[in-house]
Amino acid sequence: MTALTEQIALARARSVVRKAPGKGFDGLFRASAYGAALLVLLMLGGILASIAYGGWPAFREFGFGFVTSSAWNIGTEQYGALVAIIGTLASAVIALLIGVPLSLGIAVYLTQLCPGWARRPVSMTIELLASVPSIIYGMWGLFIFAPLFARFVQVPTSNLVEGLPVVGTLLYARVPSGVGILTAGIILAIMIVPFVASITRDMLDQIPTMLRESAYGIGCTTWEVVRHVLVPQAAVSIIGAVMLGLGRALGETMAVTFVIGNANRLSASIFDPGSTIASRIANEFNEADGMQLNALMALGCILFVITFIVLIIARLLVRRVKVA
Amino acid sequence: MDARNPLADAQAATSLTVRVRPGRRVADRVLRLSCLVATLVGAAVLGSILLMLIVEGVKGLSPTLFTQPTPGPGSEGGGIANAILGSIVLTLIGIGVATPIGVMAGTYLAEYGRNSKLADLIRFLNDILLSAPSILIGLFVYTLMVRPMGTYSGWAGGVALAIIATPVIVRTTEDMLRLVPGSLREAGAALGAPPSRVIMSVTWRAASAGIVTGIILALARIAGETAPLLFTALNNNSWFNANLMGGVANLPVMIYQFALSPYPNWQGLAWAGALVITMTILALSIVARFVIKPQRAR
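Chains as they are written, first to last, in UniProt numbering: chain A, 1 to 324; chain B, 1 to 298.
This is how it looks when you write it as structure tokens:
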């Protein structure tokens, strides 16, 4: 017994002696890692605090009416967020309606249908879409896509639906210029595809091969395997991926600024120009002063709240599957 | 069916697959076709963007593109040399600030914090910061630096880019450190090395390719960012001052302002700039993929 305690004591003494020379540095290293991690916390807190501080005068001046008013008048200093909020939500919803089926199709193609040799290059092509800067999407949308869209979609559709109830206003372009909320939604759809598709692809890859092969073994077609085996298995994380895409679509700035038309007008037609929170901030911030600056900050605050709720839900959904 | 005759079995099996109900077969065909079409649409968009950049960008190429600063409104000639240099400087400031913070924070999450409550919280918020709208980061840095200093500056632009790059580096560093087997750390500790020594000489070294990949990815991410620079570095038609105060020319904001301007010369320069920046970023992304490849090959 004594021998053992002596040995332990000796070992302790030794380890202390050995550690001693580096101890100061070791503590410093640990502290700086800790500090850097806390800094990440501070960044997010700082973003919220600074935007809330900047937007506070506008919230105080206009109260809850800031959210429900569609005014944006620099001359009379009357500001409301409604048009920008609706534009943000409408373009993001359009982006999901188009982008999600596209992403799921790509993910299914990559995991189930693509021949082995083509998988890597095709995957990479889709992933490279995520690397293209958003300003380039804006230029592509404004100079290439919008003219084609005006000529081959807006004009024929407007002629077709003119005078009809509901669709006659929803799909009627007063000025078929190619820019507008629908165009912004389509460009956003393309921009979220690489994110949603690659997360979905990874999730489909994680499903045990046995499940899939059992389904094929009882004679299922590819469609039935996808519909009844793969999608239910990966459903929660696919929804998470979609929410991540939604988070991106809500806050995307430059591409939208190019193609949405930047009008402060509530319009029933998705072909008409509008604006989003981000595009309005990008457009007006540098020339803004006084209450306009506060109102733009308040818009930023609203965007912060909307996107962060969406992103938190997304992360919770994607995480739950990874743990299980 | 004769169970002893495998040929009959096989024939029965084939005839079964042939006799799939038409409705099921159509649904299957439709799915296969629409998945293929979706993929082709994605590839076609990338192809169309690249084609547009090459066709329009090559028109804007000129001998003075890389030697002269951007010209004034309506004037001829000039280049984008100041914007290229400014972009390089801003991006390097961003990466220079983000790398130590990101690597250390990632190290905390993987080595010290692990599954503690604080580490979980930081990991979660870092993931959110990763997809936060970049324009909000521009507003933050405007309030933090531009307003108090009373002027736009390259430093503010660099800090805004650093805030965007940091979560990318934190995430990849943590992921890569977690791939390093625990036995390596134990072997290091058994030699009597203190934790800091083990991390620097063993774990970091083992994960170095992955960490470098994260830094390159972050570089590719911030090199094309426009929104956060609008309110921080802005733009300028001349070379920047040595102290980086005042507007600093940079490619993304230059492209934004010139592409939407009414002057053909400016528009040409915007296209040339767009070609340069996109090719650089795509090259960085591809390089990052090849650095990470040996790590992912399991």
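From the three backbone atoms N, C-alpha and C, an ideal C-beta is built for every residue, glycine too.
C-beta neighbour in chain A for residue i, strict 8 Å
{"i": "Val89(B)", "result": "no"}
{"i": "Phe290(B)", "result": "no"}
{"i": "Asp175(B)", "result": "no"}
{"i": "Ser116(B)", "result": "no"}
{"i": "Ile95(B)", "result": "no"}
{"i": "Leu244(B)", "result": "no"}
{"i": "Leu125(B)", "result": "yes"}
{"i": "Phe231(B)", "result": "yes"}
{"i": "Pro194(B)", "result": "yes"}
{"i": "Ile169(B)", "result": "no"}
{"i": "Pro69(B)", "result": "no"}
{"i": "Asn82(B)", "result": "no"}
{"i": "Val20(B)", "result": "yes"}
{"i": "Ala249(B)", "result": "no"}
Cutoff 8 Å: residue i Cβ touching any chain B Cβ
{"i": "Pro273(A)", "result": "no"}
{"i": "Tyr79(A)", "result": "no"}
{"i": "Asn294(A)", "result": "no"}
{"i": "Val256(A)", "result": "no"}
{"i": "Ile312(A)", "result": "yes"}
{"i": "Asp205(A)", "result": "no"}
{"i": "Ser237(A)", "result": "no"}
{"i": "Val321(A)", "result": "The predicted model places Val321(A) with a pLDDT of 47, which falls under 50 and marks its position as unreliable; any figure quoted below should be read in that light. No, because no Cβ of chain B sits closer than 8 Å to the Cβ of Val321(A)."}
{"i": "Thr183(A)", "result": "no"}
{"i": "Val226(A)", "result": "yes"}
{"i": "Trp223(A)", "result": "yes"}
{"i": "Ser50(A)", "result": "yes"}
{"i": "Ile47(A)", "result": "yes"}
{"i": "Tyr53(A)", "result": "yes"}
{"i": "Leu39(A)", "result": "yes"}
{"i": "Ala215(A)", "result": "no"}
{"i": "Phe152(A)", "result": "no"}
Coarse secondary structure for residue i, derived from DSSP in three states
{"i": "Gly178(A)", "result": "coil"}
{"i": "Ser34(B)", "result": "helix"}
{"i": "Gln112(A)", "result": "helix"}
{"i": "Ser153(B)", "result": "strand"}
{"i": "Gln68(B)", "result": "coil"}
{"i": "Gly63(A)", "result": "coil"}
{"i": "Tyr256(B)", "result": "helix"}
{"i": "Val132(A)", "result": "coil"}
{"i": "Tyr108(B)", "result": "helix"}
{"i": "Glu252(A)", "result": "coil"}
{"i": "Val20(B)", "result": "coil"}
{"i": "Lys322(A)", "result": "The pLDDT assigned to Lys322(A) is 46, lower than 50, so where the model puts this residue is not dependable; a value taken from the coordinates is nonetheless given after this. Three-state DSSP puts Lys322(A) in a helix."}
{"i": "Phe45(B)", "result": "First, the residue type needs correcting, since residue 45(B) is Val and not Phe in the sequence shown. In this structure, Val45(B) counts as helix in the three-state DSSP scheme."}
{"i": "Tyr53(A)", "result": "helix"}
{"i": "Leu191(B)", "result": "coil"}
{"i": "Ala20(A)", "result": "Here the model assigns Ala20(A) a pLDDT of 47, short of 50, so the residue's position is not dependable and the matter cannot be decided."}
{"i": "Ile207(A)", "result": "coil"}
DSSP bridge partner residues for residue i (one or two, in chain order)
{"i": "Gly113(B)", "result": "Paired residue(s): none; Gly113(B) is not in a bridge."}
{"i": "Tyr79(A)", "result": "Trp72(A)"}
{"i": "Gly261(A)", "result": "Gly274(A)"}
{"i": "Met245(B)", "result": "Ser153(B)"}
Cβ-based burial, residue i [other Cβ within 10 Å; buried from 16]
{"i": "Glu287(A)", "result": "exposed"}
{"i": "Phe290(B)", "result": "exposed"}
{"i": "Ile309(A)", "result": "exposed"}
{"i": "Tyr216(A)", "result": "exposed"}
{"i": "Gly300(A)", "result": "buried"}
{"i": "Ile222(B)", "result": "buried"}
{"i": "Ser285(B)", "result": "buried"}
{"i": "Phe140(B)", "result": "buried"}
{"i": "Pro71(B)", "result": "buried"}
{"i": "Asn73(A)", "result": "exposed"}
{"i": "Gln206(A)", "result": "exposed"}
{"i": "Ile239(B)", "result": "First, the residue type needs correcting, since residue 239(B) is Trp and not Ile in the sequence shown. Burial call: exposed."}
{"i": "Arg114(B)", "result": "exposed"}
{"i": "Pro133(A)", "result": "buried"}
Heavy atom of the ligand SAM within 7 Å of residue i beta-carbon
{"i": "Trp204(B)", "result": "With respect to the ligand SAM, the structure shown offers nothing to examine, as it has no ligands at all."}
Handout entry: Interfacial residues, the region 120-144 of chain A to chain B, with Cβ spacing under 9 Å
Key = Flagged, chain order: Val122, Met124, Thr125, Ile126, Glu127, Leu128, Leu129, Ala130, Ser131, Val132, Pro133, Ser134, Ile135, Ile136, Tyr137, Gly138, Met139, Trp140, Leu142, Phe143, Ile144.
Handout entry: Contact set between the region 32-51 of chain B and chain A, restricted to residues whose Cβ is under 8 Å from the partner
Key = If the cut-off is 8 Å between Cβ atoms, the region 32-51 of chain B has Arg32, Ser34, Cys35, Leu36, Val37, Ala38, Thr39, Val41, Gly42, Ala43, Val45, Leu46, Ser48, Ile49 near chain A.
Problem - Contact residues within the region 136-151 of chain B, judged by C-beta distance below 7 Å to chain A - result: Here the close residues are Leu136, Ile137, Leu139, Phe140, Thr143, Leu144.
Practice task
Give, in chain order, every residue of the region 101-113 of chain A whose Cβ lies closer than 9 Å to some Cβ of chain B.
Solution key: Among the residues of the region 101-113 of chain A, those with a Cβ less than 9 Å away from any Cβ of chain B are Pro101, Leu102, Ser103, Leu104, Gly105, Ile106, Ala107, Val108, Tyr109, Leu110, Gln112, Leu113, in the order of the chain.
Practice task
Return the residues of the region 252-273 of chain B that lie within a Cβ-Cβ distance of less than 7 Å from chain A, sorted by chain order.
Solution key: Cβ contacts with chain A: Pro252, Ile255, Tyr256, Ala259.
Exercise for the section: Would you list, in chain order, the members of the region 190-217 of chain B that have their beta-carbon closer than 7 Å to a beta-carbon of chain A? Expected result: Per Cβ criterion, the list reads Gly192, Pro194, Pro195, Ser196, Arg197.
Practice task
Residues of the region 101-112 of chain B with a CB closer than 9 Å to any CB of chain A: list them in chain order, please.
Solution key: If the cut-off is 9 Å between Cβ atoms, the region 101-112 of chain B has Ile101, Gly102, Val103, Met104, Ala105, Gly106, Thr107, Tyr108, Leu109, Glu111, Tyr112 near chain A.
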